[in-house]
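Residue numbers (the numbering used here): 540 to 1176.
For each residue, glycine too, the CB sits at the ideal point set by N, CA and C.
What follows is the structure, encoded as structure tokens:
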């Protein structure tokens, strides 16, 4: 219920007004899920040509659909106690429906002679059992992830019904081979390329092809020392992993947002897409972020300019379970175009031949983290801040502190840990140079735009999770009833709504905050959105919002001045926008919290706490300890 409330930006009271009991709620969800699963099955099967293809499509769609909805998979695949006979009947109906689909296409494959005669009823039940067991293991332990499990499960199950090794291997290879065979030199594309190069333009030739399902973090281990990036969110069907640079945008702090906006538009204008047109969701994107404020970078941040966005040379995009690879190649004026197609195909084949690395977690060093500020120093800073707030100089300021680990760490292993243990967050990696990486798992959205709607999230006010359900619920009620936390949260809501006003027709925010529960902490959260005015650019909105009172303070200018005086360590990109931009002025920027930066020899972690008039230094210190814990745990992975 808490996850449903968080994802729907509603409240439990609102949901219960429509669904008086959790049985009705889950029955409604399952009805919707079954309809969506059937729609995906129909679409996938319509594109298949024989019984083996259809039964394989059914397996793929079911695995991918469960993989996108981990909590729902747990409900559907494991008997949900307390939901009653009606729900159990519905759950078993989902199982039986999938078994019938598998049996029907196994029968067809037998009739076509594609597989030898067998008891298709038993085989269909065995397939469902195998799928059930693999998904249950993933639901409970986080391994094997669906993108890793599907290829192995596919091969095992196809062998179990007698599909020949030759056909299994041929079908796997054909997914990429058929894509790389698409001709580049369509007359219109080739003519456009020649004309632009002849005119003295630098052109980025972009080719997108379907790709086998692979682990995104495992794929990044193929980068070979090139810059890397990663972006994923459990609640969003889009995820990305890329490496190399086809173009880079860098900007100074004084004009960061304006420069990135104009320079990124110039990069997108240089792109010429070739081959088959990819799906709309698989479009060119720039990935990167900004510094929190203008400051002299210390040794941890020398690889990170005030603003930096990259168009990767190689980008893997996963959308609704399907995967595409985009290759971006930069051609200078006078470049040889005659053999371009051979170069594209050769590079795709090289990437396909690189060995897979599942990025398995291994224990990290057990070195204790070193605080860059003692608790006594922190308390002194908090007292200075509260004194100025009580004097009326400002209303709130967010003070950050940092820890360091004196050794190298593996950001990919950390991302895998965060995926398993810090679900419901935006997981990100920006690595502009080999070994210099900024990564984390933030629950906080700064702004998202699809060209029609602007969305943001107010996230302020925190308390720990309970040791059991009863204590957890009690702590949640305590947070919702806390005048201090509610006041701090309301400052953030009001500021975001005010800053969004010039960019939207109207601003809508939930009347009451809900609880955003993460593995070790729960926050007050309010979803905010508005219908965008024509021509609104994501970066213009981000410039107005950053930093929100959740990371800076109120009033903004006075708060930033005070935290610059009180914080002993530069923030770098901590607390600043990080994410991706598209060619239409849209994209998604999150607030870079729950994060770490490494320079190859040292790792630094950051956390902040909102200080208001009645803040207690010890309580605020403990809050930062809670916020540091996810990354400390991840860095031991």
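Is DSSP giving residue 1014 helix, strand or coil here? Three-state DSSP puts residue 1014 in a helix.
Beta-carbon of residue 1053 versus every beta-carbon of chain C: anything under 9 Å? Chain labels in this structure do not include chain C; a single protein chain is all it has.
Tell me where the beta strand (DSSP E) around residue 865 begins and ends. Here the beta strand (DSSP E) through residue 865 covers 861–870.
Residue 877 (DSSP reduced to helix, strand or coil): Coil.
Best match in 566, 638, 568 and 564 for proximity to residue 580 [C-alpha to C-alpha]: Cα-wise, what sits closest to residue 580 is 638.
Would you grab the beta carbon distance between residue 855 and residue 758 for me? Rounded to a whole angstrom, and I think it's under 8 Å. Indeed they touch by this definition, with Cβ atoms about 5 Å apart.
To the nearest angstrom, how far is the alpha carbon of residue 1042 from that of residue 1072? Each residue's Cα considered, the two are about 6 Å apart.
Using the C-alpha atoms, what's the distance from residue 1098 back to residue 862? Rounded to whole angstroms, residue 862 to residue 1098 spans 44 Å at the Cα level.
Is there contact here, the stretch 976–994 with the stretch 1132–1145, by at least three beta-carbon pairs under 8 Å? At 8 Å Cβ cutoff, the stretches touch.
Specify the secondary structure class of residue 1006 as computed by DSSP and reduced to three states. Coil.
In whole angstroms, what is the alpha-carbon distance linking residue 531 and residue 1157? Since the displayed the chain opens at 540 and closes at 1176, residue 531 lies outside it and no answer follows.
Which partner residues does residue 987 have in the DSSP bridge list? According to DSSP, residue 987 bridges with 994 and 1127.
For residue 1172, tell me which candidate among 958, 893, 1048 and 748 has the shortest Cα-Cα distance. Taking only the C-alpha atoms, the option nearest residue 1172 is 958.
Roughly how many angstroms separate the alpha carbons of residue 1070 and residue 1022, rounded to a whole number? Rounded to whole angstroms, the gap between the alpha carbons of residue 1070 and residue 1022 is 31 Å.
Have a look at 968, 564, 871 and 775 and flag the residue whose alpha-carbon is nearest the alpha-carbon of residue 739. For residue 739, the closest of 968, 564, 871 and 775 by C-alpha to C-alpha distance is 871.
Between which two residues does the beta strand (DSSP E) holding residue 1064 run? First-last of the beta strand (DSSP E) with residue 1064: 1060–1071.
Does the beta-carbon distance from residue 833 to residue 792 come in below 9 Å? Residue 792 sits close to residue 833, with the two beta carbons spaced by under 9 Å.
Three-state secondary structure (DSSP) at residue 943? DSSP places residue 943 in strand when its eight states are reduced to three.
Taking the alpha-carbon of residue 1053 as reference, which of 1015, 1085 and 1040 has the nearest alpha-carbon? Taking only the C-alpha atoms, the option nearest residue 1053 is 1015.
Cα-Cα separation, residue 912 to residue 1107: Approximately 7 Å between the Cα atoms of the pair.
Buried or exposed for residue 595, going by 16 or more other Cβ atoms inside 10 Å? Around the CB of residue 595, 16 or more other CB atoms lie within 10 Å, so the residue is classed as buried.
Whose CA, out of 894, 785 and 692, lies closest to the CA of residue 761? With distances taken between Cα atoms, residue 761 lies closest to 894.
Measuring CA to CA, which of 934, 1017, 1103 and 956 is closest to residue 1033? Ranking 934, 1017, 1103 and 956 by Cα distance to residue 1033 puts 934 first.
Through-space distance from residue 592 to residue 713, alpha-carbon basis: For residue 713, the predicted model reports a pLDDT of 45, less than 50, meaning its position is unreliable and no value from the coordinates is stated.
Other residues of its chain near residue 796: CB distance less than 6 Å, five sequence neighbours each side excluded: Cβ within range, chain order: 1078 and 1082.
Flag this pair as yes or no: are the beta carbons of residue 1024 and residue 1002 separated by less than 9 Å? Closer than 9 Å, so yes.
Do the stretch 936–947 and the stretch 910–928 touch if we need at least three Cβ pairs shorter than 8 Å? Counting C-beta pairs with one atom in each stretch, the stretch 936–947 and the stretch 910–928 have three or more that are closer than 8 Å, which means they touch.
In the DSSP assignment, the beta strand (DSSP E) including residue 855 goes from what residue to what residue? Here the beta strand (DSSP E) through residue 855 covers 853–858.
How is residue 1033 classed by DSSP in three states: helix, strand or coil? Collapsing the DSSP output to three states places residue 1033 in a helix.
At what residues does the beta strand (DSSP E) containing residue 1053 begin and finish? Start and end: 1053–1056.
Is residue 722 helix, strand or coil when you go by DSSP? For residue 722, the predicted model reports a pLDDT of 43, less than 50, meaning its position is unreliable; a value from the coordinates is still stated below. Coil, per DSSP.
Is the beta carbon of residue 868 closer than 9 Å to that of residue 1067? Contact check for residue 1067 against residue 868 fails: the beta carbons are separated by 9 Å or more.
Using CA atoms only, rank isn't needed, just tell me which of 1165, 1093 and 971 is closest to residue 768. Distance from the Cα of residue 768 is smallest, within the candidate group 1165, 1093 and 971, for 971.
Tell me the residue span of the alpha helix (DSSP H) that contains residue 1159. Counting along the chain, residue 1159 sits inside the alpha helix (DSSP H) bounded by residues 1156–1174.
Which word fits residue 1167, buried or exposed, when buried means at least 16 other C-beta atoms lie within 10 angstroms of its C-beta? Classification for residue 1167: buried.
Per DSSP, the bridge partner or partners of residue 749: Secondary-structure assignment with DSSP links residue 749 through a beta bridge to 863.
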